[in-house]
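Protein sequence lines, in the order shown, are assigned to chains A and B.
If you count the first sequence from 1, position 187 lands on 186 in numbering that gives the first Met the number 0, and the numbers rise without skipping.
If you count the second sequence from 1, position 478 lands on 477 in numbering that gives the first Met the number 0, and the numbers rise without skipping.
Note that CB positions come from ideal geometry on N, CA and C, so glycine has one too.
Protein chains: 2
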Amino acid sequence: MHTIDEMESALRNLSAASNFSFDIGLRVIKVVYTSRIPRHPAIVNDRLTKDDGTRLHCIHFPFTDLDKVCEYIAQRVKNLKGKTVQFTSTHQDSEACVKLIRDTLGVKMERVNDMTCHVKGTNFLLNNILDEVFVYDHHNVDCRYFFQTCLNSPHDSVFPYVLVNVGTGMSIVRVNGESDFEYIGGSHCGGGAFFGLAKLLIGSADIDELLVMAEDGDHRKVDSLVCDIYGSDYNEQLLGLPPDLIAGSFGKCSNNDFADQVKDDPEYRKDCIRSLLLMISNSVGQVVSLVLNNEKTNRLFFNGFMVRNHPIIMRTLSYAINFWSRGTLQAHFLRHEAFMAAIGGMVLGKERLEKQGEVNIEHYSWREHYAGCSDLGRFVPRRPTDAAFRGEVLELDCADILMRPFPLLSPAVEYDPDTVDLNSDLAAREFWLTIMEESVHKMCTKAIESQAESPTAAERADVVAKKYLEQLQLLRDKPFAYGTCNVRNLLDLREQIFQEHEFDDPFKLQKKLENDLAVRELPKVVAKLDSMDDARERLAEATKGLLAGNVFDWGAKEVVKLMEGEETFTFQKAIDVIPERPWLHDSLDEFLDETFNGSHKSIVVFVDNSGADVVLGVIPFAREFLKLGSQVTIVSNLLPALNDITYGELEEVMAEVAQRDELLKRSMTEGTLKIMHSGQGSPCLDLRRIDSKLCELVLRDKVDLVVIEGMGRALHTNFNAHFSVPSLKAAVIKTRWLADRMGGDIFSVVCKYEKNQSNPSQ
Amino acid sequence: MHTIDEMESALRNLSAASNFSFDIGLRVIKVVYTSRIPRHPAIVNDRLTKDDGTRLHCIHFPFTDLDKVCEYIAQRVKNLKGKTVQFTSTHQDSEACVKLIRDTLGVKMERVNDMTCHVKGTNFLLNNILDEVFVYDHHNVDCRYFFQTCLNSPHDSVFPYVLVNVGTGMSIVRVNGESDFEYIGGSHCGGGAFFGLAKLLIGSADIDELLVMAEDGDHRKVDSLVCDIYGSDYNEQLLGLPPDLIAGSFGKCSNNDFADQVKDDPEYRKDCIRSLLLMISNSVGQVVSLVLNNEKTNRLFFNGFMVRNHPIIMRTLSYAINFWSRGTLQAHFLRHEAFMAAIGGMVLGKERLEKQGEVNIEHYSWREHYAGCSDLGRFVPRRPTDAAFRGEVLELDCADILMRPFPLLSPAVEYDPDTVDLNSDLAAREFWLTIMEESVHKMCTKAIESQAESPTAAERADVVAKKYLEQLQLLRDKPFAYGTCNVRNLLDLREQIFQEHEFDDPFKLQKKLENDLAVRELPKVVAKLDSMDDARERLAEATKGLLAGNVFDWGAKEVVKLMEGEETFTFQKAIDVIPERPWLHDSLDEFLDETFNGSHKSIVVFVDNSGADVVLGVIPFAREFLKLGSQVTIVSNLLPALNDITYGELEEVMAEVAQRDELLKRSMTEGTLKIMHSGQGSPCLDLRRIDSKLCELVLRDKVDLVVIEGMGRALHTNFNAHFSVPSLKAAVIKTRWLADRMGGDIFSVVCKYEKNQSNPSQ
């Protein structure tokens with residue numbers, strides 16, 4: 000019996016669901032739909048609103064549950080009757096399935112092309128999910144998953160790539176562009192041969208059972224190896240083939256004795272299943288390698304039900320691709336490949352609707368909604384459970400904007416936002432997981448404070464804490480659960496869980512309080528700078544102020560101690576905290592030299608915290624550049640994250656300061672001072688995903704200085720980023736751990752100015 | 000129980016056998032050895048002797064007979080103890096086999112490299128057996144076998160070629176030269192997978208049983224076809240794949256109901272075996288096609304126990320190669336591929352002996368000894384029989400000379416000796432088989448006459464007639480039994496059977512008689528020509544005489560009637576038989592024009608019959624050219640065939656005529672008149688296999704006219720041959736059938752002169 004609870008946790012938000020698409024397979028069915036969800040503040044048409052958002056739900060369930068799933072959907076979705084539902088099918092009896100869906104849901108069923116859907120779905124996920132792609136290294140026991148991003152820089156394209164689908168058979172498709180693909184090869188040896196022969200040989204076609212058997216089996220008892228054929232005196236030099244290479248699959252089985260043993264001995268049955276698996280995966284690997292011999296891409300993605308995150312299959316396919324291509328090709332896998340065809344079906348349906356005036360999901364960026372994804376959605380290979388309903392889920396949220404790699408990233412160096420990879424850096428992972436565990440209760444206190452009027456706040460905060468701690472535990476076991484484990488993901492997940500439980504912005508009140516305080520103090524700070532005659536000295540002082548502002552941070556434990564420990568932790572006290580020069584990283588002089596040599600005529604500043612940081616640190620710094628005749632754009636987050644200022648808050652702050660400062664008011668009116676948002680909602684900054692409007696602006700305004708401020712944006716991420724224009728990375732180290740890592744002390748200063756780095760040898 | 004008789008007919012000539020080599024396979028063993036045999040007159044060191052010849056024996060027998068075969072050999076071979084025997088093995092338990100051979104024969108066993116042996120053996124057979132290679136066209140019910148020769152012209156090389164061995168696994172080797180080869184690919188899917196999985200699935204690994212099942216099965220019940228997956232509305236344009244293409248082998252078997260059916264229903268078991276066969280052969284075809292994508296050869300030879308002349312496998316492999324290569328490659332098969340490794344082993348052993356001073360078999364040409372080959376050796380695929388010993392045999396005779404393509408063949412046109420292909424020309428085949436059947440008793444009479452002193456002659460002649468008629472019956476059923484069926488083969492086979500029964504030259508006496516008669520008449524014929532003043536008229540008359548001489552032929556029924564009908568059929572009477580000009584083909588004037596324009600300064604004449612033909616036709620014709628200052632070489636057969644003059648006989652004749660004619664005597668002394676032999680022993684002339692000494696001579700002497708005389712050499716063969724120098728084809732049509740075919744009458748004359756035909760458009 001399925002419990003409604005289990006289905007509910009997979010098939011969520013059905014009441015406002017639409018755009019259904021089904022992918023009907025032999026054993027599993029995937030259904031995809033979009034729904035409207037209540038969401039935190041967002042920007043629509045340049046106005047701050049509290050609005051609904053769009054979420055994409057992808058659910059994968061056993062074929063046998065189709066009737067129950069259809070009934071469940073039919074009972075909950077409003078206005079579904081008469082709508083068109085896209086489907087693909089590789090099921091032999093797809094007509095019966097289609098009839099069931101059509102009759103239960105009362106919809107029109109439109110068959111869409113399987114291959115087109117796979118391509119559309121793959122394009123969608125490659126464009127929207129960072130770390131969608133990985134290579135699998137079985138022999139690296141610490142870290143078997145190595146994730147890759149197709150769109151690291153504005154110069155990257157996901158095309159061309161090659162998609163190998165291992166289903167009943169195997170097909171190889173070269174994808175040249177969004178809708179431009181060609182079938183370049185295939186084979187009749189695939190999952191059909193594996194399951195069909197397994198069924199005939201041992202009476203089971205259950206993939207989980209078979210793969211467990213294969214893991215345990217020893218193919219050398221079944222296959223003829225090169226050394227079996229050529230004898231113990233075989234000389235490897237002759238053919239260049241290793242002696243333990245399989246010369247002939249099942250080569251030992253035609254022997255009478257052997258065949259009798261197999262019937263009786265479960266060990267031999269395991270050996271046979273392993274041999275069968277290797278026969279198929281070697282065949283796939285060989286044909287793919289040979290077909291790709293002349294292809295100019297190493298972007299080789301495997302999908303299909305034979306592959307689907309099964310370690311033994313990924314291992315054998317990776318081996319075969321490497322072997323047959325003589326190391327020139329590498330097998331890549333996709334974390335969410337199960338959903339490609341169903342997502343592609345929905346994309347096709349939406350494209351058709353777009354022609355009728357609806358919005359195309361491909362025109363927006365989407366974000367993986369970790370908090371709503373099941374284990375598989377988070378890429379944790381798992382063994383079967385006893386759960387009655389084994390639905391597995393991927394959810395994505397529409398960003399309502401299009402995000403692109405930041406156009407000023409250097410084309411000469413591959414961009415990786417993260418300074419530390421928590422998958423491979425075990426010490427760093429331990430530190431961050433512990434920090435996150437310790438922080439959750441403090442966060443929950445803030446969250447409850449932010450909704451003092453809500454009687455459910457405390458209860459919801461408890462659930463948040465429990466869920467987040469569970470997730471952190473999951474990451475201790477399987478650090479690859481979100482792709483590359485990094486600080487960004489840990490923080491994003493926390494935000495998502497808070498939002499999932501209606502805490503849209505736990506620091507809301509705190510931020511308001513500090514912004515108001517800082518705005519009132521701004522004239523004093525500005526006056527002090529204005530009183531200085533020398534422009535260079537003024538800018539030096541403003542830069543020191545930029546750093547002092549960065550001391551204020553509710554995200555850093557050491558600072559929270561300071562801020563909570565005294566009645567008022569003033570801006571002047573923060574300036575006093577900044578150590579004497581030379582700083583840990585100190586290229587202030589070079590930065591000033593270049594500025595007064597006429598550079599930096601158009602600058603963009605990625606800001607960090609609310610309150611003193613942005614108001615008393617960033618704004619006076621920007622104001623000095625305005626005096627020098629430069630254009631300035633201040634870039635905040637779009638969405639809330641800790642006490643970081645959001646675009647909505649920045650708008651309010653700028654309106655306030657404009658009333659108090661004539662230069663700022665005039666600059667804003669004239670457009671030499673602008674505010675923008677990055678599109679993000681994280682204490683970190685991922686320059687692979689920047690609001691396309693900001694991307695257009697930095698090109699249009701010929702930005703020649705990128706300033707990145709704060710620990711999350713300039714140290715945890717982007718510390719090693721290279722730009723095609725000069726950049727200034729400015730932050731104060733506020734955690735003991737990072738100070739130790741960077742060879743400094745608490746409150747050490749990083750003021751790292753770098754000229755054009757298109758040529759990395761500079 | 001094996002009868003000694005059965006073993007005796009396979010393992011022949013053991014008493015003088017040496018150079019043993021074994022190829023030990025999983026199910027069959029191949030043994031190869033050479034032996035000395037008594038033989039018809041031969042040329043050794045330019046002297047006519049009656050000598051022994053060397054024969055190569057290749058025998059293929061079931062693995063289970065190894066002990067009996069070894070005992071049989073041990074009992075019969077003299078001086079075997081302590082010799083070295085080469086072997087290759089792909090048997091899992093080769094050590095036990097090797098021990099058995101070593102201990103029973105008392106020999107040293109030397110393991111030689113499997114791949115080297117395959118290459119050496121293939122090179123040997125490609126170089127020595129015409130029509131070794133064929134393509135298989137299952138859908139051409141009249142003629143499924145199309146034979147090819149690798150060495151058609153002096154410009155051809157057998158290299159490079161690609162050898163695909165489908166044994167337990169599959170390997171692809173590119174062969175660039177005699178000992179230069181490289182492994183370029185392979186696969187684990189081959190015979191091992193076929194037999195191993197078949198054994199596990201249905202309990203049998205018997206190839207004959209399995210192939211019969213596969214012939215009867217329907218894989219569409221087992222495999223998922225493209226149309227099964229994409230549904231009935233599948234659009235072929237999308238992927239470019241036909242709807243009945245196998246998308247996934249065994250794709251329908253994972254279904255529970257199906258698996259149960261297979262257990263109980265023999266029909267489904269057949270379907271599974273067919274599916275398995277197609278899975279393997281498609282896989283082999285695909286991998287080979289992909290590996291050869293960049294190879295610059297279409298010489299693609301399949302061998303290995305999975306291939307071995309099995310029609311269904313050749314059919315599916317041919318289909319797969321064509322499909323996967325998109326028609327750019329064609330699968331070729333080898334008639335005697337079973338023996339490659341064993342022959343190669345012997346070649347390697349002989350090469351080692353050569354270093355110790357023995358003769359290398361690769362330095363000589365070899366001829367397929369049809370009369371000693373079993374069905375398989377003659378390439379007749381057969382179903383298993385009840386014979387106790389199922390040995391199958393190939394025999395080759397050493398020519399003791401090296402034969403090469405005639406160097407004056409035009410490089411611009413592919414050479415095919417045969418004017419008529421009896422495989423595809425059913426009417427011609429019927430005519431020739433009937434002619435041969437009818438002729439055998441006349442031939443036997445001549446043979447008995449030639450050995451009047453022998454008391455066993457009549458009995459032996461009866462056996463010859465019986466055997467030859469049996470062979471002709473076999474050819475009616477399976478015309479591809481010797482490769483391309485043609486007049487040459489029918490005649491060669493008859494010669495071989497006579498020789499096998501100690502009739503080394505049935506027309507010996509007849510030829511002697513006629514030569515003596517003609518020699519005595521020569522002065523008269525010469526005097527008549529010498530009496531003519533005009534050189535051009537003289538050459539015209541001599542050419543007419545050349546044609547008149549060709550009327551004398553014991554091979555033509557119509558002429559035999561003439562010759563036996565009257566007391567003396569004189570040369571003058573033959574001249575009278577020649578019709579008035581213009582002849583059926585008449586370029587006499589052009590021939591004369593060119594001669595008297597200064598061409599034809601070095602001529603070679605391929606002669607035909609003994610007696611008047613060569614003595615009164617060819618010699619006076621040659622004598623006219625000697626008068627014109629040209630060099631002349633008269634080329635006869637080396638070995639007896641009908642009443643054709645042999646080299647030994649020609650030597651005698653020339654000695655006689657020299658005593659009677661001063662000009663001839665002087666020319667012979669000065670070397671302007673020479674005699675040579677072609678190396679052949681057939682009424683036809685195959686210019687692909689000419690004694691290399693003659694090949695060297697025609698180049699050294701700058702031969703600028705090739706004269707080919709007689710029906711067998713100029714009409715049945717070579718009528719369409721193109722040369723790089725002028726040629727004259729001269730013959731009288733002496734059979735009604737050929738006259739009808741050529742649009743003439745009996746005794747119609749062909750006098751076909753062609754200038755340099757290197758450019759076929761001339």
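query                                                                                                                                                                                                      : result
Tell me glutamate 367 of chain B's beta-bridge partners as DSSP assigns them.                                                                                                                              : B:Leu395
For glycine 544 of chain A, report the span of its alpha helix (DSSP H) as first-last.                                                                                                                     : 534-548
Check glycine 742 of chain A in the structure and name its three-state DSSP category.                                                                                                                      : coil
Runs of 3 residues minimum, wholly inside the segment 277-329 of chain B: which ones carry the beta strand (DSSP E) assignment?                                                                            : 299-302
Of all Cβ atoms in chain B, is any one closer than 8 Å to the Cβ of serine 186 of chain A?                                                                                                                 : yes
In the segment 59-102 of chain A, which residue ranges form an unbroken beta strand (DSSP E) of at least 3 residues, counting only runs that do not cross its ends?                                        : 83-88
When the Cα atoms are used, what is the spatial distance from serine 152 of chain A to proline 410 of chain A?                                                                                             : 7 Å
Roughly how many whole angstroms lie between the Cα atoms of serine 93 of chain B and lysine 251 of chain A?                                                                                               : 14 Å
So serine 20 of chain B is in the beta strand (DSSP E); what residue range does that whole segment cover?                                                                                                  : 17-23
Determine the closest residue to alanine 319 of chain A out of A:Asn302, A:Ile171, A:Val286 and A:Ala340, with distance taken between C-alpha atoms.                                                       : A:Val286
When you compare the CB of asparagine 281 of chain A with every CB in chain B, is at least one pair closer than 8 Å?                                                                                       : yes
May I ask which residues mark the beginning and end of the beta strand (DSSP E) holding valine 174 of chain B?                                                                                             : 169-176
Can you grab the Cα-Cα spacing for the pair isoleucine 183 of chain A / glutamate 294 of chain A, in whole Å?                                                                                              : 10 Å
Please report the Cβ distance between histidine 676 of chain A and leucine 637 of chain A, rounded to the nearest whole angstrom; I am assuming they are in contact, meaning their Cβ atoms lie under 8 Å. : 4 Å
Going by DSSP, what residue range makes up the beta strand (DSSP E) through histidine 331 of chain B?                                                                                                      : 331-333
Any idea which residues DSSP pairs serine 726 of chain A with across the strands?                                                                                                                          : A:Val705 and A:Glu753
Identify the contact partners of phenylalanine 194 of chain A in chain B, using a Cβ-Cβ distance below 7 Å as the criterion.                                                                               : Ser253
Quick check: the Cα distance between arginine 268 of chain B and leucine 199 of chain B, rounded to an integer number of angstroms?                                                                        : 12 Å
So that I know if they touch, is there some Cβ in chain B lying closer than 8 Å to that of isoleucine 707 of chain A?                                                                                      : no
Quick one: grab the DSSP three-state call for isoleucine 496 of chain B.                                                                                                                                   : helix
Using 8 Å as the limit for Cβ to Cβ distance, is tyrosine 229 of chain B near chain A?                                                                                                                     : yes
Candidates A:Phe19, A:Ile618 and A:Val157: which alpha carbon is nearest methionine 108 of chain A's?                                                                                                      : A:Phe19
Going by beta-carbon coordinates alone, are histidine 335 of chain B and leucine 489 of chain B separated by less than 8 Å?                                                                                : no
Report the neighbours of phenylalanine 249 of chain B on chain A: residues whose CB is nearer than 7 Å to its CB, in chain order.                                                                          : Gly191, Ala192, Gly195 and Leu196
Using a beta-carbon distance below 8 Å, is glutamine 91 of chain B in contact with chain A?                                                                                                                : yes
Check whether the Cβ atoms of alanine 720 of chain B and proline 682 of chain B lie closer than 8 Å to each other.                                                                                         : no
Going straight from the alpha carbon of arginine 622 of chain A to that of asparagine 308 of chain A, what length do you get?                                                                              : 53 Å
Can you tell me which of B:Asn281, B:Glu753 and B:Val748 puts its alpha carbon nearest to the alpha carbon of serine 723 of chain B?                                                                       : B:Glu753
Which same chain residues end up closer than 7 Å to serine 8 of chain B when comparing Cβ atoms and leaving out the 5 residues on each side of it in sequence?                                             : none
From isoleucine 577 of chain B to asparagine 175 of chain B, what distance separates their C-alpha atoms?                                                                                                  : 53 Å
Check the Cβ-Cβ distances between leucine 289 of chain A and every residue of chain B, and say whether any is below 8 Å.                                                                                   : yes
Quick check: is the beta carbon of aspartate 136 of chain A nearer than 8 Å to any beta carbon in chain B?                                                                                                 : no
Using CA atoms only, rank isn't needed, just tell me which of B:Asp417, B:Leu468, B:Phe430 and B:Ala451 is closest to valine 439 of chain B.                                                               : B:Leu468
Quick one: list the residues of chain A neighbouring serine 223 of chain B, beta-carbon separation under 8 Å, in chain order.                                                                              : Gln91, Thr167, Gly168 and Gly191
Starting from arginine 110 of chain A, trace the beta strand (DSSP E) in both directions and tell me its first and last residue.                                                                           : 107-110
Let's see if you can read the secondary structure: which residues bound the alpha helix (DSSP H) around histidine 675 of chain B?                                                                          : A small correction: the amino acid at residue 675 of chain B is methionine; histidine does not occupy that position in the sequence shown. Segment 672-676 is the beta strand (DSSP E) holding methionine 675 of chain B; no alpha helix (DSSP H) there.
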